[in-house]
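Worksheet: the structure to be examined is printed underneath.
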Amino acid sequence: MQSVYDKHKGRYGYRRICVALRNQGYAINHKTVQKLMKSLGLKGKQRKNDRYYSYKGKVGTVADNILNRDFNAVKPFEKLTTDVTQFKIGDEKVYLSPVMDLYNREIVSYSISTSPLYANQHFEKNIT
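Right, here's the structure in full:
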């Protein structure tokens, strides 16, 4: 067991060591391997979690908080909100930018773009 552990530079846990020992002809239970490894102080190295975190802190400019968390409108087109959502179609990233009227929560416009910078361009052109 120690030789298999050393051969694989400590990367094998009890399950893989058990399989390796069985391949060498030993009839051994995984629970036995686990107990023996624990008594010998052998632990398989765990892989580092390579999870992707997209949050990069405050990047770019932050818009002023004009609404001050008051998301109710008295008349149509009084308050409009937008956001950009990224998703994949095939191998390409696509950005969807809907514009919502807070009066009736209706999507009044949207655009789809291959760049997040140009996702709201249609809205800015029509507003100004």
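In case it helps, my numbering puts the sequence shown at residues 7 to 134. All residues carry an ideal CB built from backbone N, CA and C; glycine is no exception.
Member of K94, D97, T87 whose CA lies at the smallest distance from the CA of E112: T87
Residue from G96, I72, R22, L73 whose Cα sits closest to the Cα of H36: R22
Distance between L48 and R17 (C-alpha atoms, nearest Å): 10 Å
Which of helix, strand or coil DSSP assigns to T67: coil
Separation of L108 from R75, as counted between CA atoms: 12 Å
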